[in-house]
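All remarks here apply to the structure that follows.
There are 4 protein chains.
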Amino acid sequence: MTRFEPRDPDFEAKVRSRFSRQTALHTLGTVLGLVEPGEVEIEMPYQADLTQECGVVHSGIVTSILDSACGYAAFTLSSVGTTISTVEYKVNFVGPARGDRFLARGEVVRSGATVTVCKGNVLAYDGGEEKLVATMLITLMSMPN
Amino acid sequence: MTRFEPRDPDFEAKVRSRFSRQTALHTLGTVLGLVEPGEVEIEMPYQADLTQECGVVHSGIVTSILDSACGYAAFTLSSVGTTISTVEYKVNFVGPARGDRFLARGEVVRSGATVTVCKGNVLAYDGGEEKLVATMLITLMSMPN
Amino acid sequence: MTRFEPRDPDFEAKVRSRFSRQTALHTLGTVLGLVEPGEVEIEMPYQADLTQECGVVHSGIVTSILDSACGYAAFTLSSVGTTISTVEYKVNFVGPARGDRFLARGEVVRSGATVTVCKGNVLAYDGGEEKLVATMLITLMSMPN
Amino acid sequence: MTRFEPRDPDFEAKVRSRFSRQTALHTLGTVLGLVEPGEVEIEMPYQADLTQECGVVHSGIVTSILDSACGYAAFTLSSVGTTISTVEYKVNFVGPARGDRFLARGEVVRSGATVTVCKGNVLAYDGGEEKLVATMLITLMSMPN
């Protein structure tokens, strides 16, 4: 992974404060984990009311935590006084979202003045096993707060 | 829009029955609307606990209903004894998900023996106004039940 | 299709002049067709040296003309003194690129101050028949010339 | 990178033979480099007749070599008697395609019985410098020959 230099020294506090006000992510039961320059992790426990069928979490919910992990990864590198919004993303689903808990990791690929590109994965933990569930490529834009 | 011939005459009952067992979509408060060969609509009311900030619904939630509308659109054309699973999708977010209610419409672009490609839009209704929120291109695969 | 108001009255001359200096598109034997506000068409005859196997044009070449048609569609709506560059795209290939000639049509979905989203299709003409080859969703950015 | 076990011991000969019959890739002046289980590299020298403007190679041409590197990466893991075709891909362009030569590297993310997902990058070499030009996520399907 490329090393990134944060433009805002308070990047971690900024990300954690924003996360704490993110209603939808609380509704999904997520917890913010690692927050490094250009990298963020979000965890979600299994919740029966977010499944599509047979104990598999809905792909849109998987996308929600992955989208968020990538968005916050971009946000770690944004300048003071700017915010980040999602322009578009694409996700491949490579295995069933079955497990006790899920980890979404977002990483910045390229951080530009306006456009940031990130990639990310969701891993499922089922008993002791770790499995790849989904992989994302996402474009974000920075704009004044 | 291309006209499609359903491979299963009971396509509507099949879709409505599957939808009724979709836990995550109930959690999101969605309602199944139009079910035609190759086209499905899903509605979702505004819910404060699904917002990211400032009354805007989280983009992952917008994706969830769009993904589902497209998946069911593909399912209307699937053969008896087969099911549909999402291989991948891509979404562009073109306007804020702000409104009293949201309509996701999925349409089949091409229905093959194995692979189905759909496109879809999410519209927001804010007072009397209709606005485009997101547009999707999605690949699905049919497999034995 | 939404009607668009061009920001630059000389949009057609601007697009045709830019196209005439596009070396790669000449190498591919393309011809610029319709140029309307928010919509552009590019044609390409079959060329044996652009095939992958068995008379089917390489998917990257199909993407090249589709990418270009969408890029010029975005360019028809750009302000005086700005240019358009491709941020990202996604393409589904829904039928073999087999035919005497191919038509790429790009259309603007949303034209913003910075970001433009387009969609587009490539059609193959084989004898009298018209068939859908590929469908694209693309994000472009406008920047000072 | 995950280690992959080829299903066909003659995977390298198979890939090199298929590449040698790929007309479009010869037209683009490409050379096949590394061929390992789940990983393939393709090189392309700068060619003035493939540029869009100002010495920058057309994004569709960049996509062509990336698409091919990923397709052959998937093909290294395919069973005897099967071929691989591109279902869809998405590409982010993160830097100008400017350089003396370009390297496309494709890697398998997941190799299934029917569906294979790959990722890939194009790097530009400009003098001594290496720069990331584009990154791809691609879905391929295996089918009987």
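Chains as they are written, first to last, in our numbering: chain Z, 5 to 149; chain D, 5 to 149; chain S, 5 to 149; chain C, 5 to 149.
Where a beta carbon is used, it is the ideal one built from N, C-alpha and C, also for glycine.
query: Whether V35 of chain D touches A77 of chain D by CB criterion (8 angstroms); result: no
query: Minimum Cβ-Cβ distance from L136 of chain Z to chain C less than 8 angstroms; result: yes
query: Spatially closest choice to V44 of chain D from D:V19, D:C58 and D:S68, by CA coordinates; result: D:V19
query: Status (buried if at least 16 other CB within 10 Å, exposed otherwise) for G37 of chain S; result: exposed
query: With 16 other Cβ atoms within 10 Å as the buried cut-off, status of R109 of chain C; result: buried
query: Against chain A: residues of the stretch 90-104 of chain D by CB proximity under 8 angstroms; result: Looking at the structure shown, chain A is missing, and the protein chains on hand are Z, D, S and C.
query: Chain Z contact for T143 of chain S (CB, 8 angstroms cutoff); result: yes
query: Through-space distance from L144 of chain C to E92 of chain C, alpha-carbon basis; result: 7 angstroms
query: Same chain, Cβ closer than 6 angstroms to K135 of chain Z, neighbours up to 5 away in sequence not counted; result: G99 and A128
query: Chain D residues whose Cβ lies nearer than 8 angstroms to that of V121 of chain S; result: N96, V98 and T139
query: Check whether L29 of chain C and S82 of chain C have beta carbons under 8 angstroms apart; result: no
query: Top-ranked residue by Cα proximity to T90 of chain D, from Z:G85, Z:T86, Z:A101 and Z:N149; result: Z:A101
query: Through-space distance from R22 of chain S to R11 of chain S, alpha-carbon basis; result: 17 angstroms
query: Collapsed DSSP secondary structure at L32 of chain C in the structure displayed; result: coil
query: Closer than 8 angstroms to chain C by CB, A77 of chain S; result: no
query: Proximity test, Cβ basis, 8 angstroms: V113 of chain D and chain S; result: yes
query: CA-to-CA distance, E57 of chain Z to R105 of chain D, given in whole angstroms; result: 25 angstroms
query: C-alpha distance - I65 of chain S paired with E47 of chain D, whole-angstrom precision; result: 39 angstroms
query: Where Y50 of chain S sits in the DSSP three-state scheme; result: coil
query: Residue burial classification, S24 of chain Z (beta-carbon count within 10 angstroms, cutoff 16); result: exposed
query: A166 of chain Z, buried or exposed, once every other Cβ within 10 Å from all chains shown has been counted against 16; result: Coverage of chain Z is limited to positions 5 through 149, which leaves residue 166 of chain Z absent and any answer about it impossible.
query: Reference K123 of chain D; option with closest CA among S:G85, S:N96, S:H62 and S:I88; result: S:N96
query: Below-8 angstroms beta-carbon distance, L54 of chain D vs any chain Z residue; result: yes
query: In DSSP terms, what I150 of chain D is bridged to; result: Outside the shown range of chain D (5 to 149) lies residue 150 of chain D, about which nothing can therefore be said.
query: Check whether P41 of chain C and T86 of chain C have beta carbons under 8 angstroms apart; result: no
query: Spatially closest choice to L70 of chain S from S:A17, S:L32 and S:E9, by CA coordinates; result: S:L32
query: Whether L107 of chain C touches V126 of chain C by CB criterion (8 angstroms); result: yes
query: Option nearest T27 of chain C by Cα separation, candidates S:H62, S:V39, S:F15 and S:F8; result: S:H62
query: Candidates Z:T139, Z:G131, Z:V119 and Z:A17: closest to Y50 of chain Z by CA position; result: Z:G131
query: Residue nearest to T139 of chain C in terms of C-alpha spacing, selected from C:S146, C:T67, C:L54 and C:E133; result: C:T67
query: Cβ-heavy atom distance, A128 of chain S to the ligand ADP, below 7 angstroms; result: In terms of ligand content, the structure shown is empty, and the ligand ADP therefore cannot be addressed.
query: CB contact below 8 angstroms: D14 of chain D versus chain Z; result: no
query: C-alpha distance - N149 of chain C paired with G75 of chain Z, whole-angstrom precision; result: 42 angstroms
query: Terminal residues of the beta strand (DSSP E) in which L127 of chain S lies; result: V119 to D130
query: Cα-Cα separation between E9 of chain D and K94 of chain Z, rounded to whole angstroms; result: 30 angstroms
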